[in-house]
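Quick note: the sequence shown uses UniProt numbering, first residue 1, plus one each step.
Working notes, beginning with the structure itself.
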Amino acid sequence: MVEQFVGNWTLVNSDKFDDYMKAVGVNYTTRQMGILAKPNVVISMGDDGFITLKSVTTFKTTEFKFKLNEECDEDTADGRATKTTMTIEDGKLVQKQAWDGKTTRIERAIEDGKLIAKCYMDDVVAVRTYKKVA
Ligand code: DKA
Numbered sequence: 001m002v003e004q005f006v007g008n009w010t011l012v013n014s015d016k017f018d019d020y021m022k023a024v025g026v027n028y029t030t031r032q033m034g035i036l037a038k039p040n041v042v043i044s045m046g047d048d049g050f051i052t053l054k055s056v057t058t059f060k061t062t063e064f065k066f067k068l069n070e071e072c073d074e075d076t077a078d079g080r081a082t083k084t085t086m087t088i089e090d091g092k093l094v095q096k097q098a099w100d101g102k103t104t105r106i107e108r109a110i111e112d113g114k115l116i117a118k119c120y121m122d123d124v125v126a127v128r129t130y131k132k133v134a
């Protein structure tokens, strides 16, 4: 199931991402960088059972290594230290982050060969579309 997400993906469209970042509590300066950034997201699977989600932008590169269904510590691009659990639900790769009594969810699905990342925080939903580059 995770295999379909493996590859190198580049951002081609982003909708309501500033609203999402505001709802998460990302500060103004970081939001400006987040709006301008066109991340390359590289998802890979190791022989050790770990999956790596690497996000590369000109302002920051983050790498999150995880096993499905196990809570892990994540350091997000905007500086949150979250307890994160990754699962597969209905064919989607779901990332649940918890910090400071708050939670957010990022659901990634493959639709028409593109990776669609839906980011949920309270009543805000941002939709980010990635196309495969490798
Ligand atoms: C995606 O994969 C969603 C990433 C969400 C990151 C939230 C915080 C970023 C702050 C710059 O496109």
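Beta carbons are placed, not taken as given, at the ideal position from N, Cα and C, and that holds for glycine.
Relative to the ligand DKA, the nearest heavy atom lies less than 6 angstroms away from the CB of V26. Within its own chain, the residues whose Cβ lies closer than 8 angstroms to the Cβ of I51, once the five positions on either side in sequence are excluded, are V2, I43, S44, M45, K65, F66, K67, L68 and M86, listed in chain order. Here A23 carries a helix assignment [DSSP, helix/strand/coil]. Secondary structure note for T29: its alpha helix (DSSP H) is the uninterrupted segment Y28 to L36. For K96, the closest C-alpha among the options M121, I110, D112 and A77 is that of M121.
In the structure shown, F50 falls within a coil segment according to DSSP collapsed to helix, strand and coil. Note on geometry: alpha-carbon atoms of T29 and S14 lie some 18 angstroms from one another.
Pairing T104 with A81, the inter-Cα distance amounts to about 13 angstroms. Secondary structure at V56: strand, using DSSP grouped into helix, strand and coil.
Of the residues D47, V41 and V24, the one whose Cα lies closest to the Cα of L115 is V41. Per DSSP, reduced to three states, the secondary structure at E89 is strand. For G101, there is no enclosing beta strand (DSSP E), since its DSSP letter is neither H nor E. Per DSSP, reduced to three states, the secondary structure at D75 is strand.
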